[in-house]
Structure formats: structure tokens, C-alpha cells
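See below for the structure under consideration.
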Amino acid sequence: MLHLLKYVFPRQHGLHNVFTSQVDRKDSAHQYLDYTLREQEIKRQNLLHNKVSVPKRLRGLSQTLFSAVLKRHDECPYAKLLDHYCAVTRSRSSPESQDVLGQASSANSVSAFSRAAINHVFPTRLWGDGTEGISNRGYIMAAVDKFVRLQRYESMSLHDVMQNIKISDIRWLDPPRQERNQRLSASDFAKRQEIIAELVYYVFDSFLTPLISSNFYVTESSSSRNQLFYFRHDVWQRLSEPALSDLKTNMFEEVEASTLRTLMSRRTLGTSHVRLLPKDSGMRPIINLRRRVLSTARGKAVLGKSINSAMTPVYNALNYEKGQDASRLGASIFSADEIFPRLQEFRLHLSERGLGGRPLYFAKADVRSCFDTIPQSLLMSVASRLFSATEYAIGRYAEGKAINKSKSLQAGFGPKVAWKFQGRAVPANQDMTLSQTLNQLPSGDKPGNVFVDSVVRRYEGKRNMTDLLEEHIQSNLVQIGSALYRQKTGIPQGSIVSSLLCSLFYAEMEEKVLGFVRDGESLLLRLIDDFLLITTNKQTAQHFMRVLHNGLPKYGVTIKREKSVVNFDMEVDNQKVTRLPLKSDFAYCGQTINTENLNMSKDSGRRDATSRFIKILLCTKLTAIRL
Numbered sequence: 137m138l139h140l141l142k143y144v145f146p147r148q149h150g151l152h153n154v155f156t157s158q159v160d161r162k163d164s165a166h167q168y169l170d171y172t173l174r175e176q177e178i179k180r181q182n183l184l185h186n187k188v189s190v191p192k193r194l195r196g197l198s199q200t201l202f203s204a205v206l207k208r209h210d211e212c213p214y215a216k217l218l219d220h221y222c223a224v225t226r227s228r229s230s231p232e233s234q235d236v237l238g239q240a241s242s243a244n245s246v247s248a249f250s251r252a253a254i255n256h257v258f259p260t261r262l263w264g265d266g267t268e269g270i271s272n273r274g275y276i277m278a279a280v281d282k283f284v285r286l287q288r289y290e291s292m293s294l295h296d297v298m299q300n301i302k303i304s305d306i307r308w309l310d311p312p313r314q315e316r317n318q319r320l321s322a323s324d325f326a327k328r329q330e331i332i333a334e335l336v337y338y339v340f341d342s343f344l345t346p347l348i349s350s351n352f353y354v355t356e357s358s359s360s361r362n363q364l365f366y367f368r369h370d371v372w373q374r375l376s377e378p379a380l381s382d383l384k385t386n387m388f389e390e391v392e393a394s395t396l397r398t399l400m401s402r403r404t405l406g407t408s409h410v411r412l413l414p415k416d417s418g419m420r421p422i423i424n425l426r427r428r429v430l431s432t433a434r435g436k437a438v439l440g441k442s443i444n445s446a447m448t449p450v451y452n453a454l455n456y457e458k459g460q461d462a463s464r465l466g467a468s469i470f471s472a473d474e475i476f477p478r479l480q481e482f483r484l485h486l487s488e489r490g491l492g493g494r495p496l497y498f499a500k501a502d503v504r505s506c507f508d509t510i511p512q513s514l515l516m517s518v519a520s521r522l523f524s525a526t527e528y529a530i531g532r533y534a535e536g537k538a539i540n541k542s543k544s545l546q547a548g549f550g551p552k553v554a555w556k557f558q559g560r561a562v563p564a565n566q567d568m569t570l571s572q573t574l575n576q577l578p579s580g581d582k583p584g585n586v587f588v589d590s591v592v593r594r595y596e597g598k599r600n601m602t603d604l605l606e607e608h609i610q611s612n613l614v615q616i617g618s619a620l621y622r623q624k625t626g627i628p629q630g631s632i633v634s635s636l637l638c639s640l641f642y643a644e645m646e647e648k649v650l651g652f653v654r655d656g657e658s659l660l661l662r663l664i665d666d667f668l669l670i671t672t673n674k675q676t677a678q679h680f681m682r683v684l685h686n687g688l689p690k691y692g693v694t695i696k697r698e699k700s701v702v703n704f705d706m707e708v709d710n711q712k713v714t715r716l717p718l719k720s721d722f723a724y725c726g727q728t729i730n731t732e733n734l735n736m737s738k739d740s741g742r743r744d745a746t747s748r749f750i751k752i753l754l755c756t757k758l759t760a761i762r763l
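In the working numbering, the protein residues as written are 137 to 763.
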């Protein structure tokens, strides 16, 4: 019981806590430490003080209540509660079911399970006596329900949970020998709030969060934006095993112990981890390259660099080379914002050639699993030719931009500033100050922005960066379970350089295979692996689609036929390609393009789908509140 009190009330016992202690970034990449295991810290404290004492505020009734918490925890039928509230139905347990997201437990049932477990373990008297205790418990349960329903990137503060909790009738907070009806002093009230805040934080951080993670695999999906899905571990294991088996067979190869020792002895980058992202049907593998791993330095465990952090100099150098020669990028665009300027330029070009009145033919194609199918050796031969300098100077700078300027000034405050931290690389023999670099920007570019140089430079040689890139591409080690696997095909999807490398690689393919679209009558756009051809020549559009649909094994290109769309009649291998009317809006990358005048607008179909999703989510929440 004394141990439990130190877990629940670390601040009262002088232990590291979220309220008064700072987190060393060498120990954790998170804003707060994981407090679910404190044994070493408690052991060190006991050795230093050579005694175990209980603060006066936590003696008496509180000791009795937390002894009851331990006993109720031991007796709590967690498995039965899980089966009752989150039962696996026959349809969800069927191995033939293709509806992956439909096999997740609903937020309603996960919330009910969590609230039942908390009610079973923590007695009502912890939240107060009489009606006030019941009321306080109701606020806690409402906060638990809100916590379960949070979407990705949403947060809930301790202040929000504490807002409605009344502490005047929580008897175990009374100091020794204080009369029950005595008026609370300001210092006494602050101390009671401090203790209750610790209890509430413990319930959410060290009970509710482990409770959910030990019973559910919680993840977003690739089709439902930021909504979170809760899969029971037994359900997730059944769903993920075929996908992991397929990965181990097709994308990865297990590294033998003898080979692993050789690889690790000369390895610069660490190992990554793979997770599966559920889709409407099937799974999508995501390799986590942002995780910092613990390493031992001078007998102390410290957090090392993540793989993406180690690859940042290479990314900065590739970004520099990308800006020096636009022809290397081919038809690449890196955001939907780049579509409209290309369309305007193409429209002007057609006008100048007297082709403005001709009908326009659109053809769209999408590469299947582009990151996973790029041949590594061919990619390295392309990437090794990208570095033009023998050495690069790499620095960092911060860019500040005023946001909501007019609204802030009206309220009497200065404008709020959003900071963005960026890296830049230039050849070492052309190293310039940040001011000199900014002077080369086009006139009027980013007016009013503030730039702050970090001054410190890091110098990286071409050979080192080529070796690092080769290790990253051809020796990417991924941990699955207790075994290590090497990615034998493709490039890691979560890599900081993957999108840029993919764009540069497909630009090479365009030059060698799709050069016929450079006929003066066509515009080719490509956002990573999404191709769009706009042309006045129908035969060019047909030839373009046939070349892609026949596949390009040398470049690992296979087209998703179900996603191909044209605005004219066409068949490939006796199968009709999805056709839109010749004069209609053509959807591409969240935008729609008018096929007559090349005007662009937001894709209303996608917006309507999002609106429907939000309405369904709201209806679900309203139903839960009514229940």
C-alpha cells in the first residue's frame, strides 16, 4: 500500500512528477516521462533516506481507501468486463471477413469497459462522501468517455478534468485533528487541489492509458483521417498475421545472426520498426523512422538520434540539388498548390500556338505501392548522380510568420507568430550567410516574415552522404517481433527522403520511357506516384495509358487499374477504363480541373464525403450521450 501511495502521489513523496519536474530530452523524446514503472526511483529514494514515511496528509482514512484499491484491483474481473462490453461477434471473428475497420470495437463499448473498470477498482469515497462524491465520480466518468473519443492530435488537459470537481466534502483530504465543519484556509484548499490533481493524473496516465493499451491496439486508418480505432489484441493479431507473413515473404528477408553482427559493426543508422495501418480492406505497412532508441554512453542510457534525424543532412543536400536543376524533377509537383501555376502556363502555351479551342483529353493513373516496388540498385544509380558538390555546408534557420494578424490587433494584442524550423545546404565553397541567401529570393517573396539563423554550420562530404544513403536504401533493418529483417525491395515509406527520392526516380523514368508526351501539346503532372496527362492529342493520351498499364518492370511500376480515369472511351487488354464525360470537372489530388478552360477548384465530392463522415461521428456521439 505504501508503494501505491508513492505511485499515486509522487509529488508528496519528493519523487519525479509531472507538476514540478523537468524532463531531460536525453532521457525521453516525450513531453512527460512514463510513470507507470517507478521501482528503481523508489528504491534509490529508500536507500538515500533509509526509511519509508507517509506524509501526514496521506495517513489514516486515505491509507484505508488505497488498501481497498489494491484489493479491488486484485479482484477485478478485467477479462470478463472486456468480453461483456467489447464482445467479439461471429461476423467480426470470421477469417473471411474483408471489412477490417468493421472489426474494431466501438468507442461506446471501449468507454463503457474503461468506466466499468475504474468504478470497480476505485471506490466512490475517493471522490467524496455522499452526493458530492457521486457527482465528482460522474465528472470523472464523463472525462474518461471524452478521453476515449479523442481523435488523433486532439488533447485533453488536466485543468479541463478538474474544472467541476468539488473538494470540500472529500474527507480523506482532511488534515489530522481538523474539525469537519471548519472553514478552509487558502493554503489548505490549494493543498487539497494539489493532492486531488495527482490522483486524477494517476487515474488517466497510469491506470486508464495502460488499461486501454493492454487490451486494445489503438490506431488511425488510411481512409478515416484522424479517427482512432480500437482493436482487441486477439482480433488485431488475427488480422495482422497474414499481412506480416506477406511482408516477411515479399518485402523483407530475415537477417542471419552471423550477417547481423557484420552489419551492426559498421552501421551508422539504427533499426526501425514496422506498424500496420488498417484500410477499408487489408493493411498498409508504415515503417517508423522517427523513433529515438536508447543507447549506452559512459554507462548511462541515453536517447540516440532517430534514423530520420541522421538522414536530415542528406535531405537538405538533395533539396539544394532539386532547386538547382528543375529538369531533374520532370513532371514532379510536391503539393496541390503547384497545380494551378502549371495549368495557367499550359493554357497560355496552347493559346500562343493557336490550340486554345481544341478539346482537352485527360488521363489519370496511380502506381501500385510505389515506395515498396522501386528497385533499390537502380534507385542508387540515380541517387549517386544527384550530388554535384564534393562537400556541403549544412545549417539551420527559423522562419517566423504572423498569423491572424488583424484579429489579434483588434483584440489589443500583437500578432501571433508561427515558427517553422528548416535546414539548408549549399556547397561548402559557396557557403553564404542567411542574409545573402534571402537576398537571392525573388522580389516580394515572403514579405513580413522573420528569419533567424542558427549560425552553426555542419560540413558533410559527398562520399559520406552517398554511403549513408546507400545504407538507408539497401540495408534498412526492420524489427518485427524479436527478429531483424532487411528490406530487400523498395524504400522506407516513413523516411524523410522517400518522397523526394521517389520523385527524382520517376523523373528519370519519364525521360527514358514517357518522352513522347513532350510534344508541345501535352502537360504531364505527377504528385509522387499520381500521374495526370492533359493533352490536345487523343492518340498521345491513349499511348500514355497503354504504356503505363502494360507495366514497367525495370522501374517496378504496376498501375492500379481500378483507379485509372480518362474522359474519353478507351480499353486496355479488353477492359474499359473508367470514363468521365468529355466536358466535366476532372478530380486530381483533392482538386477538380475544368476540362474546357483548365480552371481549378476544390474537389466537392471529397468535401461532401468528409462532411458525411463528420455527421456520422456527431450522430454517434449524440446517441452515446442519450444512452
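From the three backbone atoms N, C-alpha and C, an ideal C-beta is built for every residue, glycine too. A quick note: this is a predicted structure, and the numbers were derived from the prediction, not measured.
With a 10 Å radius around the Cβ and a threshold of 16 neighbouring Cβ atoms, Phe249 comes out buried. The C-beta of Leu484 has fewer than 16 other C-beta atoms within 10 Å across all chains shown, which makes the residue exposed. Around the beta-carbon of Trp308, 16 or more other beta-carbon atoms lie within 10 Å, marking it buried. Annotation: the continuous alpha helix (DSSP H) that includes Val257 extends over Ala243 to Val257.
The beta carbons of Pro191 and His149 sit closer together than 8 angstroms. His409 carries a strand assignment under DSSP once its states are collapsed to helix, strand and coil. The beta carbons of Gly630 and Ile423 sit about 5 angstroms from each other, so the pair counts as a contact at 8 angstroms. Fully enclosed beta strand (DSSP E) runs of no fewer than 3 residues occupy 430–433 and 436–439 of the region 425–496, in order along the chain.
Rounded to the nearest whole angstrom, the CA to CA distance from Thr526 to Glu457 is 13 angstroms.
For Arg361, same chain residues with a beta-carbon under 6 angstroms away, outside a window of 5 residues either side, do not exist.
Under the 8 angstroms Cβ criterion, the region 661–674 counts as touching the region 502–522, having at least three qualifying pairs.
His608 sits buried, since 16 or more C-beta atoms from the chains shown fall within 10 Å of its C-beta. One Cα belongs to Ile729, the other to Leu364, and the distance between them is close to 33 angstroms.
For Arg599, the secondary structure class from DSSP, reduced to helix, strand or coil, is helix. Following the DSSP letters along the chain, one finds Gln675 inside the alpha helix (DSSP H) bounded by residues Lys674 to His685. Between Asn703 and Leu716, the C-beta spacing is below 8 angstroms.
Annotated three-state conformation of Asn300 is coil, per DSSP.
Secondary structure note for Met736: its beta strand (DSSP E) is the uninterrupted segment Met736 to Lys738. Annotation for Ala253: Cys212, Tyr214, Leu217 and Leu347 place their beta carbon closer than 7 angstroms to its own, counting only its chain and skipping 5 residues before and after. If you look at Pro346, you'll find it in the alpha helix (DSSP H) that goes Thr345 to Asn351. The Cβ atoms of Asp589 and Tyr533 sit closer than 8 angstroms to each other. Around the CB of Ser358, fewer than 16 other CB atoms lie within 10 Å, so the residue is classed as exposed.
Of the residues assessed, Tyr621 falls on the buried side of the cut-off, its CB having 16 or more other CB atoms within 10 angstroms. Only residues of its own chain outside the window of five on either side were considered, and among them Ile609 and Gln610 have a CB closer than 6 angstroms to the CB of Gln512, listed in chain order. Boundaries of the beta strand (DSSP E) harbouring Ile539: Glu527 to Ile539, taken from the DSSP string. Per DSSP, the continuous alpha helix (DSSP H) segment holding Ile276 begins and ends at Gly266 to Arg285.
Under the three-state reduction of DSSP output, Phe498 falls in the strand class.
Distance from the Cα of Phe343 is smallest, within the candidate group Leu206, Gly531 and Leu684, for Leu206. In this structure, Val154 keeps its C-beta atom at 8 angstroms or more from the C-beta atom of Phe258.
Excluding its 5 nearest sequence neighbours in each direction, Phe325 has C-beta neighbours in its own chain below 8 angstroms: Ile303, listed in chain order. Arg715 carries a strand assignment under DSSP once its states are collapsed to helix, strand and coil. Counting the other Cβ atoms within 10 Å of the Cβ of Tyr168 gives fewer than 16, which makes it exposed. CA-to-CA, the gap between Val614 and Leu396 works out to about 12 angstroms. Within the same chain, Cβ atoms closer than 7 angstroms to the Cβ of Gly406 are found at Val429, Gly440 and Ile443, the five residues on either side in sequence being excluded.
DSSP, read as helix, strand or coil, puts Pro311 in coil. Between the C-alpha atoms of Ser571 and Val586 there is a straight-line separation of about 11 angstroms.
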